[in-house]
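Q: Here it is, the structure, as structure tokens.
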Amino acid sequence: MLLKFITTSLLMGFTFSVFAITPQDLLKIYEAQSSKASPSRGEQFFNAKHGKEWSCSSCHENPPNHDTKHIVTGKVIKPLAPNANPARFTDEIKADKWFKRNCNDVLDRDCTAQEKAEVLSWLMIVK
Amino acid sequence: MVNDCEMSSMKIKKTILIFATLLLTSSGTFAAKMAMPVDVPASYETECASCHMAYPPALLSEQSWKNVMSGLSKHFGTDAGVDAKTQIEITNWLVKNATTRQKYIETAPENRITKTSWFIRKHDEVKPDVWKRVSIKSPANCGACHIDAAKGIFSESKIKIPLK
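Going down the list, the sequences are from chains A and B.
Start counting the first sequence at 6; every next residue gets the next number (the working numbering).
Start counting the second sequence at 11; every next residue gets the next number (the working numbering).
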């Protein structure tokens with residue numbers, strides 16, 4: 006029993022260390038693939054439409070620091086800004102999955118590393 | 011030694027007991043079919059229920075779920091794409107728990123629960139302006155009126171239509 010507990014704890018610790026990152030880490034990853042991010046450009050990008058019906062703020066609102074509702078289904082979406090919701094941008098795979106989905110919804114294409122960096126750099130300073 | 015009167019009384023009690031048991035069992039089965047199965051994979055919550063309610067699988071037929079799950083990159087106007095492993099996991103679970111009841115078994119037009127004939131019939135008294143209320147927004151938002159929808163309970167007694 007104790008052995009099982011120790012093994013599980015070790016495994017969980019291992020998994021945690023592999024996947025857990027901070028928004029700062031993620032920003033560095035995106036900046037390394039592009040260049041230094043500008044939060045003000047990120048804010049503009051987040052609130053603008055890009056040729057399709059929705060902007061990021063259609064579902065996440067501006068500022069995205071509170072519970073919002075999905076524009077179609079009404080489902081509650083937790084705050085996107087890390088200051089309001091510390092779970093955000095702490096898992097690179099999850100962040101990339103949602104960037105892929107939501108960028109397709111808003112821009113009809115993948116976002117560039119630069120666009121991701123800028124949006125994230127702005128979200129990180131949203132109070 | 012029991013007399014005839016006591017005998018028949020016992021028989022009646024026994025009959026009532028049998029009927030009560032049957033009734034309880036059958037209503038239990040009915041509720042369980044619409045309820046969220048206990049083995050719901052975590053991926054169903056993270057991949058599907060982040061954008062909409064976690065619909066109980068018994069709301070659609072096996073074929074309808076297969077149709078939904080084969081087109082996730084274009085899912086009602088959004089990209090809901092998942093990786094291959096997750097797609098198989100969710101599809102298998104939905105298919106396993108899809109409805110088998112004749113009433114719900116039709117293949118949903120446009121893959122929408124809300125376009126099935128039973129859904130339309132059940133909601134035919136709901137006026138168009140009610141659907142548009144801010145707190146309802148969409149017929150996909152079951153929980154706006156069916157207060158226990160998340161538990162798979164859609165009975166008439168558990169409906170509260172919001173005024174705004």
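Think of the CB as a built atom: it goes at the ideal place given N, C-alpha and C, for glycine as much as any other residue.
None of these values were measured; they are calculated from a predicted model.
1. With H, G and I counted as helix, E and B as strand and the rest as coil, what does DSSP make of PRO42/A?
2. Nearest-angstrom Cα distance between GLN38/A and GLU97/A?
3. What is the DSSP secondary structure of LYS74/A, counted as helix, strand or coil?
4. Cutting at 7 Å between CB atoms, please list the residues of its own chain near LYS121/A, excluding the five before and the five after it.
5. Which value, in whole angstroms, describes the spacing of the CA atoms of GLY47/A and ARG111/B?
6. Anything in chain A within Cβ reach of SER148/B, meaning under 7 Å, just list it in chain order.
7. For ILE76/A, count neighbouring Cβ atoms within 10 angstroms of its own Cβ and tell me buried if that reaches 16, exposed if not.
8. Given that a residue counts as buried once 16 or more other Cβ atoms are within 10 Å of its Cβ, and exposed if not, what is TYR119/A?
9. Can you tell me the Cα-Cα spacing of PRO4/B and TYR65/B, whole angstroms?
10. Got a sec, what are the start and stop residues for the alpha helix (DSSP H) MET79/B sits in?
11. Determine the extent of the alpha helix (DSSP H) in which THR101/B is found, giving its start and end residues.
12. MET63/B versus chain A: which residues are under 8 Å apart at the beta carbon?
13. Output the boundary residues of the alpha helix (DSSP H) element that contains ILE4/A.
14. Give the straight-line distance between the Cα atoms of SER80/B and SER148/B, rounded to the nearest whole angstrom.
15. Give me whichever residues DSSP pairs with THR88/B in a beta bridge.
16. Alpha carbon to alpha carbon, how far is ASN88/A from LYS99/A? Give it in angstroms, no decimals.
17. In three-state terms, what does DSSP make of ILE1/A?
18. Along chain A, which residues have their Cβ under 9 Å away from the Cβ of ASP89/B?
19. List, in chain order, every chain A residue whose beta-carbon is nearer than 8 Å to that of ALA118/B.
20. So with Cβ pairs under 7 Å, would you call ASN151/B a contact of chain A?
21. Can you tell me where the alpha helix (DSSP H) holding VAL140/B begins and where it ends?
22. Whose Cβ in chain A lies nearer than 9 Å to the Cβ of ALA154/B?
23. Taking 7 Å as the cut-off, decide whether the C-beta atoms of PRO57/A and ASP113/A are in contact.
24. Assuming ILE100/B contacts GLU57/B (C-beta within less than 8 Å), just tell me the rounded distance between them.
25. Does the distance from the CB of VAL105/B to the CB of TRP75/B come in under 7 Å?
A: Per the coordinate set shown:
1. For the purposes of this step, residue 42/A is identified with residue 37 of the first sequence, where counting begins at 1. Checking the displayed sequence, the identity of residue 42/A turns out to be Ala instead of Pro. DSSP places ALA42/A in coil when its eight states are reduced to three.
2. Numbered from its first residue, the first sequence carries residue 38/A at position 33. Numbered from its first residue, the first sequence carries residue 97/A at position 92. Between GLN38/A and GLU97/A, the C-alpha separation is close to 14 Å.
3. Position 69 of the first sequence holds residue 74/A. Strand, per DSSP.
4. Within the first sequence, residue 121/A is the residue found at index 116, counting from 1. The answer, listed in chain order, is TYR35, PHE104.
5. The sequence position of residue 47/A within the first sequence is 42, counting from 1. The sequence position of residue 111/B within the second sequence is 101, counting from 1. Whole-angstrom Cα-Cα distance: 50 Å.
6. Counting from one through the second sequence, the residue named residue 148/B turns up at place 138. What SER148/B touches in chain A: VAL77, THR78, GLY79.
7. Stepping through the first sequence from its first residue, residue 76/A is reached at position 71. Classification of ILE76/A: buried, given that the 10 Å Cβ count is 16 or more.
8. Translated into positions along the first sequence, residue 119/A becomes position 114. The amino acid occupying residue 119/A in the given sequence is Gln; Tyr does not appear at that position. Buried, because 16 or more other Cβ atoms sit within 10 Å of the Cβ of GLN119/A.
9. Nothing about residue 4/B can be read from this structure; chain B reaches only from 11 to 174.
10. By 1-based counting over the second sequence, the position of residue 79/B is 69. 72 to 79 is the span of the alpha helix (DSSP H), which, as asked, contains MET79/B.
11. For the purposes of this step, residue 101/B is taken as residue 91 along the second sequence, with counting starting at 1. Residues 94 to 106.
12. The count along the second sequence starts at 1 and reaches residue 63/B at position 53. Those are THR78, LYS80, listed as they occur along chain A.
13. Residue 4/A falls outside the range modelled here, since chain A spans only 6 to 132, and no answer is possible.
14. The residue you call residue 80/B lines up with position 70 of the second sequence. The residue you call residue 148/B lines up with position 138 of the second sequence. The straight-line gap from Cα to Cα measures roughly 23 Å.
15. One-based indexing of the second sequence puts residue 88/B at position 78. Answer by DSSP bridge pairing, in chain order: HIS85/B.
16. Along the first sequence, one-based indexing puts residue 99/A at 94. Along the first sequence, one-based indexing puts residue 88/A at 83. If I take the Cα positions, the gap works out to 18 Å.
17. It is not possible to answer for residue 1/A, since the shown part of chain A is limited to 6 through 132.
18. Start at 1 with the first residue of the second sequence, and residue 89/B comes out as number 79. Those within 9 Å of ASP89/B in chain A are LYS105, ARG106, ASN107, CYS108, ASN109, ASP110.
19. Position 108 of the second sequence, counting from 1, holds the residue named residue 118/B. Here the premise fails: no neighbours, minimum Cβ distance about 17 Å.
20. Position 141 of the second sequence holds residue 151/B. Chain A, which has a Cβ nearer than 7 Å to the Cβ of ASN151/B, makes this yes.
21. Counting from 1 along the second sequence, the entry for residue 140/B is found at position 130. Unbroken alpha helix (DSSP H) run through VAL140/B: 138 to 141.
22. By 1-based counting over the second sequence, the position of residue 154/B is 144. Here the neighbours are GLY79.
23. Sequence index remark: in the first sequence, residue 57/A carries index 52 (1-based). Sequence index remark: in the first sequence, residue 113/A carries index 108 (1-based). First, the amino acid is wrong: residue 57/A is Lys here, not Pro. A contact, by the Cβ cut-off of 7 Å.
24. Within the second sequence, numbered from 1, the residue matching residue 100/B stands at position 90. Within the second sequence, numbered from 1, the residue matching residue 57/B stands at position 47. So it is a contact: roughly 7 Å between Cβ atoms.
25. For the purposes of this step, residue 105/B is taken as residue 95 along the second sequence, with counting starting at 1. For the purposes of this step, residue 75/B is taken as residue 65 along the second sequence, with counting starting at 1. Closer than 7 Å, so yes.
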